[in-house]
Amino acid sequence: MEMSSLIPSSGSTYAYSYHALGELPAFIAAWLLTLEYGMSGAGVARSWATKVQEWAEEGGGDYAFLNLQNTNVLALAIMLLSVIILLAGIRFGKLFINIVTTTKVGVVIFIIVAGLAATKSDNLSPFIPPRNEETGLFGFQGVMLGASQAFFGFVGFDEVCCLAAEAKNPRKIMPRAVIGVILGTMFLSCFASLALSGMVPADVYSNLPYNMGNDSGGNPRGNLTYFSFPGAFGYVGYSAAQVIVHIGEVGTMPVVVLISFLAQPRLMYAMSVDGLLPEIFGRVDGKGNLFWCTVISGAFFTVVAFVIPFGDIWNMVSIGILISFIMTNASLIIVRTRDAAPGTSQKLTGAAVLVALAAMFTFQKGYVDGSSTAALVISIVLFVLTFAIGGVIFAKCPQNVSDGDLFRAPLVPFVPLFSILVNWLLVAQMAEKDILRAFVWIGAAIITYFLYGFRHSEGRKGWSTVLHHGVLGLNEVRPSMSSMMSGDVKKSLLSPEPTAKA
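First residue of the sequence shown? That's -11 in the numbering used here, and the numbers climb one at a time after it.
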């Protein structure tokens, strides 16, 4: 929240990293945000196709051809439609967005109320079922795995930060907006999950697909094939609620696909302006649309939606979000401390991030998964060392807290370091193949940067620029796309408004 008010610029983590960490980390952050925007849009398109198939098959028949694993026609269609809408330059007004958002929230509230009404207390006891070693479900580790995967549902709040430059008073509005979105999402997600758990016993999820038997008229109710709210309402016999939820999900998710992809051309435009992507991504047509950027990125993510299963996208996006949060926390520590100790601050923060990574992966992979006592001891030592480095940062790097108008995170650097530890722990919950995919994605970002971005960067000054970007000062952060297009490139977003003369 502090970074969004300090740097109210387009790009979210990309802008924060560009300002605090340097050009190469910013490029990596942009690739992680690509997972969050374009890739998540493709993932939601896949999820929407699954829900359409589930609804269609409730009436009988086989509609698997609509939602094949490697050739998903529905996901391709909805992703292509989103790209066409953006190319046409259709602008969604505040009223439309509010209607869609209100509808989605209304559906979730309905799920919570109806689900809790159908809840059986026996289904919630024990509240955390014992871990199933064969499936990896339940237990404390199941809770942690669920928490890490749930980050896919939090991708929207980062788009709020991405649009910070458009706020009238970002210093005050952005912290409130971020808090509101996070608390609202947390409340709705937690209670909806509670309702789902209360409707369907844990052992049913351990034996999917599950035959739900016949209804009161002797008609088959079909199979519960995966975790879904309509399936849960079908399980408890709430057929009307099942239809309502189906309509709500199928009717509103296409707009989620569009909004998820909406930020992707904007991010690539910002990178093109910085010289990190080819000039074609920064071309603006006569209507003010990013035509070629939308065509190229839209074609890529349409193919992704068509051929890549949702499960493969889901975990990769969650890992990308978690790592981008780590970069934001590291940026906050450096922005607070680098003025007094520019070299020391960066080195200590980088060391703390790496030690935290080693601590959490040693704990999860060595102790939890491998039952190694030595791994537990090592992870505890590394955990303590992380905060010891934080103590050195606190003692040796005085913080810049001169501007009282900005929101300030408490207990820096200790709270950001704790957040970094938790984020690494959540990353460590993921399967090795998903973690490998995410780091291959980061590796591809680094290679692409040195093949193109480093040579064409607008602010290139050799290797020192990669580590300590010196072009943007505190009062020269990235302007929004709209201010760039209007020619007001040099306007400082952090400078106070000029005071009228008496």
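Beta carbons: idealized from backbone N, C-alpha and C, even for Gly.
Residue i to residue j span [Cα, whole Å]
i    : j    : result
I235 : N55  : 18 Å
E121 : G130 : 10 Å
L413 : S136 : 9 Å
I368 : M348 : 9 Å
C178 : T332 : 41 Å
V93  : I87  : 10 Å
I100 : N411 : 28 Å
Y51  : R34  : 15 Å
R254 : A18  : 11 Å
I434 : T350 : 26 Å
G49  : L125 : 31 Å
V166 : P158 : 11 Å
T1   : A383 : 27 Å
G286 : A44  : 28 Å
A228 : A363 : 52 Å
L509 : P330 : The structure shown has nothing for residue 509, since the chain only spans -11 to 490.
F175 : V169 : 10 Å
M304 : A138 : 12 Å
I16  : A426 : 11 Å
I423 : I301 : 12 Å
F294 : A328 : 51 Å
Minimum C-alpha distance to residue i - residue among the options
i     : options                : result
V292  : N60, L9, A44           : N60
M(-9) : A346, G338, A397       : A397
T90   : I381, Q41, G172        : G172
L74   : L246, I366, V192       : L246
A102  : S407, L394, R119, L182 : L182
Y223  : S306, K108, M162, L336 : K108
K160  : F395, D422, G441       : F395
L336  : V380, D300, A63, P118  : V380
Q41   : A63, L20, S28, M27     : A63
K275  : F288, A76, M27, P13    : A76
A14   : F371, S312, K353       : S312
G338  : F294, A318, D357, V365 : A318
V9    : P117, M315, M259       : Per the sequence presented here, residue 9 reads as Leu, with Val not at that position. The candidate whose alpha carbon is nearest that of L9 is M315.
S306  : R119, A419, V148       : A419
Residues of its chain near residue i, where Cβ-Cβ distance is below 7 Å and the 5 sequence neighbours each way are ignored
i     : result
V400  : L320, I321, R324, Q387
I(-5) : A3, Y4, H7, V465
S185  : N111, L112
F375  : F402, L405
A105  : none
Y25   : S248, F249, A251, Q252, L255
T290  : L64, M67, L68, V71
P118  : F126, G127
Residue environment, residue i, which counts as buried when at least 16 other CB atoms sit within 10 Å
i    : result
V343 : buried
T38  : buried
L439 : exposed
E446 : exposed
A416 : buried
D262 : buried
G431 : exposed
I97  : exposed
T22  : buried
T361 : exposed
E11  : buried
V188 : buried
I309 : buried
G299 : exposed
F442 : buried
P114 : exposed
D191 : exposed
F269 : buried
P242 : buried
6 Å CB neighbourhood of residue i in its chain, flanking five on each side removed
i    : result
K489 : For K489, the predicted structure reports a pLDDT of 39, less than 50, and the residue's modelled location is therefore unreliable. A value from the coordinates is still provided. Excluding positions up to five away in sequence, the list is empty.
T436 : none
V244 : V32
F279 : D273
R271 : W280
P218 : Q230, V233, H234
H444 : G263
L133 : Q417
F128 : none
W429 : none
K421 : none
Own chain, CB closer than 8 Å to residue i, minus 5 neighbours either side, in chain order
i    : result
Q57  : P297
G378 : A340, P401, F402, L405
T240 : V88, T91, K92, V95
Mind pulling the beta strand (DSSP E) runs of 3 or more residues that sit fully within the segment 305 to 379? none
Could you pull out every unbroken beta strand (DSSP E) segment of at least 3 residues lying fully inside the segment 19 to 43, listed in chain order? none
Ignoring anything shorter than 4 residues, give me the alpha helix (DSSP H) runs that lie fully in the segment 409 to 436, in order along the chain. 420 to 436
Which complete alpha helix (DSSP H) runs does the segment 101 to 141 hold, if anything under 4 residues is left out? 127 to 137
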